[in-house]
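For the sequence shown, the positions run 1 to 466 when UniProt numbering is used.
Step one of this worksheet: look at the structure below.
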Amino acid sequence: MSLHLYDTARRELREFRPQRAGTASIYVCGATVQGVPHVGHVRSGLDFDVLRRWLTHSGYDVLLVRNVTDIDDKILTKAEAAGRPWWEWAATHERAFAAAYDALGCLPPSIEPRATGHVTEMIELIERLIERGHAYSAGGDVYFAVSTWPSYGELSGQRLEEMEQGEGSDPRGKRDPRDFTLWKAAKPGEPDWPTPWGRGRPGWHLECSAMATRYLGPRFDIHGGGLDLVFPHHENELAQSRAAGDGFAEYWLHNAWVTMAGAKMSKSLGNTLTIPAVLQRVRPVELRYYLVAPHYRSTLEYSEEALAEAAAAYHRIESFVHRVHDRVGAVEVGRVSDAFAAALDDDIATPAALAEVHETVRRGNAALDAGARDQALALAGAVRAMTGVLGLDPVVWAETSGAGGSGDAARQALGSLVDALLEQRTRARAERDFARADALRDELTAAGVVVEDTADGPTWTLKDGA
Numbered sequence: 001m002s003l004h005l006y007d008t009a010r011r012e013l014r015e016f017r018p019q020r021a022g023t024a025s026i027y028v029c030g031a032t033v034q035g036v037p038h039v040g041h042v043r044s045g046l047d048f049d050v051l052r053r054w055l056t057h058s059g060y061d062v063l064l065v066r067n068v069t070d071i072d073d074k075i076l077t078k079a080e081a082a083g084r085p086w087w088e089w090a091a092t093h094e095r096a097f098a099a100a101y102d103a104l105g106c107l108p109p110s111i112e113p114r115a116t117g118h119v120t121e122m123i124e125l126i127e128r129l130i131e132r133g134h135a136y137s138a139g140g141d142v143y144f145a146v147s148t149w150p151s152y153g154e155l156s157g158q159r160l161e162e163m164e165q166g167e168g169s170d171p172r173g174k175r176d177p178r179d180f181t182l183w184k185a186a187k188p189g190e191p192d193w194p195t196p197w198g199r200g201r202p203g204w205h206l207e208c209s210a211m212a213t214r215y216l217g218p219r220f221d222i223h224g225g226g227l228d229l230v231f232p233h234h235e236n237e238l239a240q241s242r243a244a245g246d247g248f249a250e251y252w253l254h255n256a257w258v259t260m261a262g263a264k265m266s267k268s269l270g271n272t273l274t275i276p277a278v279l280q281r282v283r284p285v286e287l288r289y290y291l292v293a294p295h296y297r298s299t300l301e302y303s304e305e306a307l308a309e310a311a312a313a314y315h316r317i318e319s320f321v322h323r324v325h326d327r328v329g330a331v332e333v334g335r336v337s338d339a340f341a342a343a344l345d346d347d348i349a350t351p352a353a354l355a356e357v358h359e360t361v362r363r364g365n366a367a368l369d370a371g372a373r374d375q376a377l378a379l380a381g382a383v384r385a386m387t388g389v390l391g392l393d394p395v396v397w398a399e400t401s402g403a404g405g406s407g408d409a410a411r412q413a414l415g416s417l418v419d420a421l422l423e424q425r426t427r428a429r430a431e432r433d434f435a436r437a438d439a440l441r442d443e444l445t446a447a448g449v450v451v452e453d454t455a456d457g458p459t460w461t462l463k464d465g466a
C-alpha cells in the first residue's frame, strides 16, 4: 500500500504523489510567539514530525518549512501590557518554543523563517494581486477582494453570505466586509515598513503565503497546521496565493485540538498547560508518546489519568528493550513490520502503529522468558525501528537523556536498578520460589515502586510522592 493522506480540501483520503519524484515538500504553520508554549501548541509540531519521519523512512528527501509569526496583533498587545519591546517579547517566546520542540524530540525544520524577514516577498505578492484585480488599497490598508475569487470557500466549505473574517468593527475603507486585510496602515507606536501604499505592517494571512512560496516554490506538496486554522487563515492563504497565479499546496492536512473539559486549549480561555509545567510530572518522551498516540485528526481530551497511562505504556516498551539489552546484548535498529507500515501508510494511523509496537513487545517478552534469545533480539530491533519512526526509540532517548539533564539520568539509573530486581523476581517465579519473588516485590514496594504484572511482562511506576 502506498501512502494515503486525508486532504481537507477534497474531504477524502488521497494517494500521496509528490510534485517532484523522491522529494516531499511541506509547509507547517508554526508558532505565533506571544507566550510560553502549551500542550495544545506543540501537538501540531509533533504530528507533522511523525509525518516527516515516515516520509524520510519511506525514502523521500523531505523539505519542511515551519514558520515563526513574530509580528502580530497579539504579540504587540502583550508586549505593551508587559512594558517590553515587541521584538524582545517575540524573541523570548520564540526561544521558549524552540526549547519545547527540542525537549520533545522534534527534528529541526529545514528552515524556520520569521515573518519580519520576508516583508519584501509580501510586498511583491500584494503587487501581483493588485495587478490582477484581486486586491485594492484604501487609506494605507490593502485588502483582498473576496468577490473577485469565485473559488473562495473551497477549503473550509464556508458560504460567502455567512462568513466573517474576525477583523473587528473598523473596516477602514473595506469595499466588502468579507474582504480580508493584506497590509495594515501604520499606527503610532507599532513597527512598520515602507511600501508603495504607505508605511505599515503585514497581515497574518499574507505572511505564510509569502514564506511558503519563497522556500518551496509556487507549487508544493503539503500544507499543514491545526484544525482551528482552516478558516480564515488557510482559506485566505489559498485564495490569495492562487489568485496571484501560484498553484500553492496540493494537499491540506490538519491536526485536531487538545481540549480540556471539552473546550479547545487556548490562552484566551485560560485553560492551558505549559510544557515546562507538564515536564515536571512526566519525562519528555512520555509526553511525546501521549501526544502522538492518538490519530492526528482525533481530538485529544487532556487528563492527568490519561497522561499517566501513556507514561506507563511507554515504560512497557522501554523496559522490554532494556531487558533484551541486559540479557542478550546490544539491540540494533531492525526493520518495521508490514502491519506497522500499513498503519502509517493509512493516513498516519498512529493508534494502529502503536498497537503493533505493543504486540511486538508482548511477543518479545514471551520469547525472552522462553529463552529464545535470537528471536527476542530481532523483535527488540523491530521495536527500535518502529519507535524510531515515531520519535520514541528508547535507546536514542536514553543516550540523549531527552534533553532533561540530571533528572532524566537519575530516572534512568533508578530504572536500571528496578529492572534488575524485576529480572530476579521473574526468575524466582519461574523457579517457583514464590517466597523470594514476594520478598523482592515487598522490597520494591517499600522503596516506593509499584509493580504490576501484565501480559507484556512486569511493569513498574513510582508511588505518588515517591
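The beta-carbon is built from N, C-alpha and C at its ideal position, and this holds for glycine as well.
(1) Can you check which of these residues, ALA135, GLY157, ASP141, SER156, is closest to SER147 by C-alpha distance?
(2) Looking at the unbroken alpha helix (DSSP H) that takes in LEU444, where does it start and where does it end?
(3) Can you look up THR195 in the DSSP assignment and give me helix, strand or coil?
(4) So, at 6 angstroms on beta carbons, what are the nonlocal neighbours of TYR6 in its own chain, with the 5 sequence-adjacent residues on each side left out?
(5) Is it true that the CB of PRO191 sits closer than 9 angstroms to the CB of LEU76?
(6) Taking C-alpha atoms, which residue in GLY35, ASP73, ARG53, ALA100 lies nearest to PRO284?
(7) Using the Cα positions of ALA210 and SER319, report the straight-line distance between them to the nearest angstrom.
(8) Taking just the CA atoms, how far does LEU368 sit from THR360?
(9) Does residue 467 pass the burial test, meaning 16 or more other C-beta atoms within 10 Å, or should it be called exposed?
(10) Helix, strand or coil, according to DSSP, for ALA138 in the structure here?
(11) Is there contact between the segment 200–207 and the segment 233–241, where contact requires at least three CB pairs shorter than 8 angstroms?
(12) Could you tell me which whole alpha helix (DSSP H) segments of length 4 or greater appear in the segment 161–231?
(13) Starting from GLU250 and walking both ways along the beta strand (DSSP E), at which residues does that stretch end?
(14) Do GLY224 and LEU253 have their beta-carbon atoms positioned less than 9 angstroms apart in this structure?
(15) Let me know if GLY407 comes out buried or exposed under the rule of 16 or more other beta-carbons within 10 Å of its beta-carbon.
(16) Where does the unbroken alpha helix (DSSP H) through TYR314 begin, and where does it stop?
(17) Find out if the Cβ-Cβ distance for the pair LEU273, TYR290 is shorter than 9 angstroms.
(18) Hey, how far is the Cα of VAL278 from the Cα of LEU287?
(19) Starting from LEU354, follow the alpha helix (DSSP H) in both directions and report where the run begins and ends.
(20) The beta strand (DSSP E) that contains ALA24, what's its start and end?
(21) What ranges does the beta strand (DSSP E) occupy inside the segment 64–151, keeping only unbroken runs of at least 3 residues that lie completely in it?
(22) Classify LYS184: buried if its beta carbon has 16 or more other beta carbons within 10 angstroms, exposed otherwise.
(23) Exposed or buried, which one is PRO108 when buried takes at least 16 other CB atoms within 10 Å?
(24) So what's LEU13 in DSSP terms, helix, strand or just coil?
(25) Is DSSP giving VAL451 helix, strand or coil here?
(26) For HIS38, list the residues DSSP reports as bridge partners.
(27) Short check: CB of LEU390 to CB of VAL65, under 9 angstroms?
(28) State the DSSP-derived secondary structure class of PRO284, mapped to helix, strand or coil.
(29) Roughly how many whole angstroms lie between the Cα atoms of THR69 and ARG175?
(30) Taking the CB atoms as reference points, tell me whether LEU104 and LEU182 lie closer together than 9 angstroms.
(31) Classify MET386 as buried or exposed, calling it buried when 16 or more other Cβ atoms lie within 10 Å of its own Cβ.
Once the coordinates are examined:
(1) Taking the first residue of the sequence shown as 1, we reach residue 147 at position 147. Of all alpha-carbon atoms in ALA135, GLY157, ASP141, SER156, the one lying nearest the alpha-carbon of SER147 is that of ALA135.
(2) Stepping through the sequence shown from its first residue, residue 444 is reached at position 444. Unbroken alpha helix (DSSP H) run through LEU444: 434–446.
(3) Against the sequence shown, residue 195 aligns to sequence position 195. Assigned with DSSP and collapsed to three states, THR195 falls in coil, not helix or strand.
(4) As a first step, residue 6 must be located in the sequence shown, where it is residue number 6. The beta carbon of TYR6 sits closer than 6 angstroms to the beta carbons of LEU13, ASP347 from its chain, once the five residues preceding and following it are set aside; these are given in chain order.
(5) Along the sequence shown, read from residue 1 onward, the residue named residue 76 stands at position 76. Along the sequence shown, read from residue 1 onward, the residue named residue 191 stands at position 191. The answer is yes: Cβ separation under 9 angstroms.
(6) As a first step, residue 284 is located in the sequence shown; it is residue number 284 there, counting from the start. Looking at the Cα atoms, ALA100 is the closest of the given residues.
(7) Your numbering for residue 210 matches position 210 in the sequence shown. Your numbering for residue 319 matches position 319 in the sequence shown. If you take the alpha carbons of ALA210 and SER319, they lie about 47 angstroms apart.
(8) If you number the sequence shown from 1, residue 360 lands on position 360. If you number the sequence shown from 1, residue 368 lands on position 368. Their Cα atoms are separated by approximately 12 angstroms.
(9) No answer is possible for residue 467: the residues shown for the chain start at 1 and end at 466.
(10) Taking the first residue of the sequence shown as 1, we reach residue 138 at position 138. Reduced to three states, the DSSP call for ALA138 is strand.
(11) Below 8 angstroms, enough C-beta pairs join the segment 200–207 and the segment 233–241 to call them touching: three or more.
(12) Qualifying alpha helix (DSSP H) stretches, in chain order: 204–216.
(13) Mapped onto the sequence shown, residue 250 falls at position 250. Unbroken beta strand (DSSP E) run through GLU250: 248–255.
(14) Numbered from its first residue, the sequence shown carries residue 253 at position 253. Numbered from its first residue, the sequence shown carries residue 224 at position 224. Going by C-beta atoms, LEU253 is nearer than 9 angstroms to GLY224.
(15) For the purposes of this step, residue 407 is identified with residue 407 of the sequence shown, where counting begins at 1. Note on GLY407: pLDDT 47, under 50, position unreliable in the model; no value is reported.
(16) For this step, residue 314 is matched to residue 314 along the sequence shown. Counting along the chain, the alpha helix (DSSP H) containing TYR314 begins and ends at 304–327.
(17) The residue you call residue 273 lines up with position 273 of the sequence shown. The residue you call residue 290 lines up with position 290 of the sequence shown. Between LEU273 and TYR290, the C-beta spacing is not below 9 angstroms.
(18) Translated into positions along the sequence shown, residue 278 becomes position 278. Translated into positions along the sequence shown, residue 287 becomes position 287. The C-alpha of LEU287 is placed about 8 angstroms away from the C-alpha of VAL278.
(19) On the sequence shown, residue 354 is found 354 positions in, with the first residue counted as 1. Per DSSP, LEU354 belongs to the alpha helix (DSSP H) from 350–369.
(20) As a working mapping, residue 24 is identified with position 24 in the sequence shown. Note, ALA24: beta strand (DSSP E), 23–28.
(21) Taking only runs of at least 3 residues, the beta strand (DSSP E) segments lying wholly in the segment 64–151 are 135–138, 141–144.
(22) Taking the first residue of the sequence shown as 1, we reach residue 184 at position 184. Buried.
(23) Position 108 of the sequence shown, counted from the first residue, corresponds to residue 108. Its Cβ having fewer than 16 others within 10 Å, PRO108 is exposed.
(24) Residue 13 sits at position 13 when you count from the first residue of the sequence shown. Strand.
(25) For the purposes of this step, residue 451 is taken as the residue at position 451 of the sequence shown. Residue state, collapsed to three classes: strand.
(26) Counting from one through the sequence shown, the residue named residue 38 turns up at place 38. Here HIS38 is bridged, per DSSP, to THR274.
(27) For this step, residue 390 is matched to residue 390 along the sequence shown. For this step, residue 65 is matched to residue 65 along the sequence shown. Going by C-beta atoms, LEU390 is not nearer than 9 angstroms to VAL65.
(28) Walking along the sequence shown from the start, residue 284 turns up at place 284. In the structure shown, PRO284 sits in a helix (DSSP, three-state: H, G or I).
(29) One-based indexing of the sequence shown puts residue 69 at position 69. One-based indexing of the sequence shown puts residue 175 at position 175. Spanning the two alpha carbons is a distance of roughly 28 angstroms.
(30) Stepping through the sequence shown from its first residue, residue 104 is reached at position 104. Stepping through the sequence shown from its first residue, residue 182 is reached at position 182. No. Outside cutoff.
(31) Position 386 of the sequence shown holds residue 386. Counting Cβ neighbours within 10 Å, MET386 comes out buried, since at least 16 surround it.
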